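J.: Position in the sequence shown (from 1) plus 312 gives the number in my numbering.
Idealized CB from N, CA, C, for every residue including glycine.
Remember, it's a predicted structure, so these values are computed and weren't measured experimentally.
Please read through the structure below; I'll follow up with questions.
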Amino acid sequence: MNKTPIIPYLNFGGRCEEAIAFYKKTLGAEVEMLMRFSESPEPMPAGILKPGFENKVMHTSFRIRGNTIMASDGCGDASNFSGFSLSLTAETETEANQLFASLVENGEVLMPLQKTFYSPRFGMLKDRFGMHWMIIVPAPMPK
């Protein structure tokens, strides 16, 4: 059985560099590599790349809390993050509060942080880029 990881690949529709800066500030993201379309060893096929995207991000790989995320600006289409969320586990309720507050800045609360039957602190939000996040503090394991 192949044990290679599944890695999210996000397309930010022209806002990738802004998103990386935001995730560096809010989550401590660390960029492993970044290549712009203008740096590609092979030119994009004619008509694929939206005009003005030459210096946008063709591909980047960054890490958040030891997890790899890959991203791009895409070829000019707007981002559409629907049907999935990225889940962040916080060790404490205080950490959950901080993560939630920093990620939701200029975004939207989908479910306020609150106590649930499965967590002392859980909430959902959409950040300024439209990315859906779930913040959770694990509940103690039953004895």
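Indicate whether the contact test is met: 3 or more Cβ pairs, each with one atom in the region 399–409 and one in the region 360–373, closer than 8 Å.
T.: These segments do not touch.
J.: Looking at S414: is its Cβ nearer than 8 Å to the Cβ of F324?
T.: No, these two residues do not count as a Cβ contact at 8 Å.
J.: Quick check on N367: does DSSP put it in helix, strand or coil?
T.: Note: N367 maps to coil in three-state DSSP.
J.: With T406 as the anchor, note down where its beta strand (DSSP E) starts and where it stops.
T.: Careful: T406 lies outside any beta strand (DSSP E), inside the alpha helix (DSSP H) at 405–416.
J.: Mind checking which residues open and close the beta strand (DSSP E) that includes T401?
T.: Run containing T401: 398–401, per the beta strand (DSSP E) assignment.
J.: Suppose you measure from the CA of M345 to the CA of M382; what does that come to, to the nearest Å?
T.: Each residue's alpha carbon lies about 10 Å from the other.
J.: Are the beta-carbon atoms belonging to I447 and F412 less than 8 Å from one another?
T.: The answer is yes: Cβ separation under 8 Å.
J.: From this set, D389, S431, T401, M443, which residue's C-alpha is nearest V421's C-alpha?
T.: Among D389, S431, T401, M443, the Cα nearest to that of V421 belongs to M443.
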